[in-house]
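*Asks:* Going down the list, the sequences are from chains A and B. So the first sequence is numbered by our numbering: it starts at 5 and just counts up by one. So the second sequence is numbered by our numbering: it starts at 654 and just counts up by one. Every residue, glycine too, gets a C-beta built ideally from N, C-alpha and C. If you're wondering where the values come from, they're calculated on a predicted model, not measured in any experiment.
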Amino acid sequence: GENVEQHPSTLSVQEGDSAVIKCTYSDSASNYFPWYKQELGKRPQLIIDIRSNVGEKKDQRIAVTLNKTAKHFSLHITETQPEDSAVYFCAARNTGNQFYFGTGTSLTVIP
Amino acid sequence: EAGVAQSPRYKIIEKRQSVAFWCNPISGHATLYWYQQILGQGPKLLIQFQNNGVVDDSQLPKDRFSAERLKGVDSTLKIQPAKLEDSAVYLCASSLASGFGYTFGSGTRLTVV
């Protein structure tokens, strides 16, 4: 089955700085990679996703890059704000159409 | 559009008791998932339904967990008997079709004491 690893597990940045979270996956046939943001006590919310035929996707301050050869993808948040503080999960969809999640990154943006 | 509805929001039971969770997906979403999220970990897939059929239940502890999705809409997840290690948030999610991005429900926080 698919194995998704996520780093770092915790990340603290100053407000205005950038944050980068990285994930690797094991199944080279995986073809869809969403990112979820989960605030304390709330449900995970989809914030951005990328398909395997695209190398980069951007939505305002959030971007995701995918390197299929190396089997890793990253979330980039620029100009971070305190409200970006949350736990972020990456996921990979395998050929069986199941999603496997990373272990999460707790991001703290320091005002 | 209305979101994924789950109930109850919280449940506290003693070990060896039974518990059931309910999920109502977004209207028209054929695919429904149950996830277990233990504190500090990512969601772990328990079972995936496509309409009223099971697509994947390979990570469902079938000796104590069961799930059904009668009529391809609402779903229930049951644990019988519960163990301490079942304490977690149980998330229901739905998607228009298998493999598309999910919408999660608010989850049911289960505490087994």
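Nearest by alpha-carbon distance to Lys-715/B: which of Arg-722/B, Lys-724/B, Lys-731/B is it?
*Replies:* Lys-731/B
*Asks:* Along the chain, where does the beta strand (DSSP E) containing Thr-684/B start, and where does it finish?
*Replies:* 684-690
*Asks:* Anything in the stretch 5-23 of chain A with a Cβ closer than 7 Å to a Cβ of chain B? List those residues in chain order, please.
*Replies:* none
*Asks:* Under 8 Å by Cβ, that's how I've got Ala-95/A and Tyr-104/A pegged, so tell me the actual separation to the nearest angstrom.
*Replies:* 6 Å
*Asks:* Against chain B, with Cβ distances strictly below 8 Å, would Asp-53/A count as a contact?
*Replies:* yes
*Asks:* What are the start and end residues of each continuous beta strand (DSSP E) run of 3 or more residues lying completely inside the stretch 70-101 of chain A, in chain order?
*Replies:* 76-81, 90-97
*Asks:* What residues from chain B crowd round Phe-37/A, counting only those whose CB sits closer than 7 Å?
*Replies:* Those do not exist, as Phe-37/A stays about 10 Å from chain B at its closest Cβ, beyond 7 Å.
*Asks:* For a contact defined as C-beta to C-beta under 8 Å, what are the partners of Ser-759/B on chain A?
*Replies:* Lys-46, Arg-47
*Asks:* In this structure, how does DSSP classify Glu-738/B when only helix, strand and coil are distinguished?
*Replies:* helix
*Asks:* Does DSSP put Leu-111/A in a helix, a strand or coil?
*Replies:* strand
*Asks:* Give a yes or no on whether the minimum CB-CB distance between Pro-696/B and chain A is below 8 Å.
*Replies:* yes
*Asks:* Determine whether the beta carbon atoms of Gln-670/B and Tyr-686/B lie at a separation below 8 Å.
*Replies:* no
*Asks:* Would you mind reading off the limits of the beta strand (DSSP E) that contains Ser-680/B?
*Replies:* Per DSSP, Ser-680/B belongs to no beta strand (DSSP E) and is neither H nor E.
*Asks:* Where does Lys-724/B fall in DSSP's three states?
*Replies:* helix
*Asks:* When the Cβ atoms of the stretch 673-691 of chain B are set against those of the stretch 736-753 of chain B, are three or more pairs found closer than 8 Å?
*Replies:* yes
*Asks:* Going along the chain, which residues of the stretch 696-712 of chain B sit with their C-beta nearer than 7 Å to a C-beta in chain A?
*Replies:* Pro-696, Leu-698, Gln-701, Asp-709
*Asks:* Are the beta-carbon atoms belonging to Val-8/A and Cys-27/A less than 8 Å from one another?
*Replies:* yes
*Asks:* Use the C-beta contact count for Pro-696/B: other C-beta atoms within 10 angstroms, 16 or more gives buried, fewer gives exposed.
*Replies:* buried
*Asks:* By the three-class DSSP mapping on this structure, what secondary structure does Glu-19/A have?
*Replies:* coil
*Asks:* Tell me which same chain residues have a C-beta within less than 7 Å of the C-beta of Gly-706/B, skipping the five on either side of it?
*Replies:* Beyond the five residues adjoining it in sequence on each side, Gly-706/B comes within less than 7 Å, by CB distance, of no other residue in the same chain.
*Asks:* Please return the same chain residues whose Cβ sits closer than 7 Å to the Cβ of Gln-18/A, not counting the five positions on each side in sequence.
*Replies:* Result list for Gln-18/A: Ile-114, in chain order.
*Asks:* Checking contacts by CB at 8 Å: is Gln-102/A closer than that to chain B?
*Replies:* yes
*Asks:* Starting from the Cα of Val-657/B, find the closest Cα among Leu-749/B, Pro-678/B, Gly-760/B, Gly-754/B and give me that residue.
*Replies:* Pro-678/B
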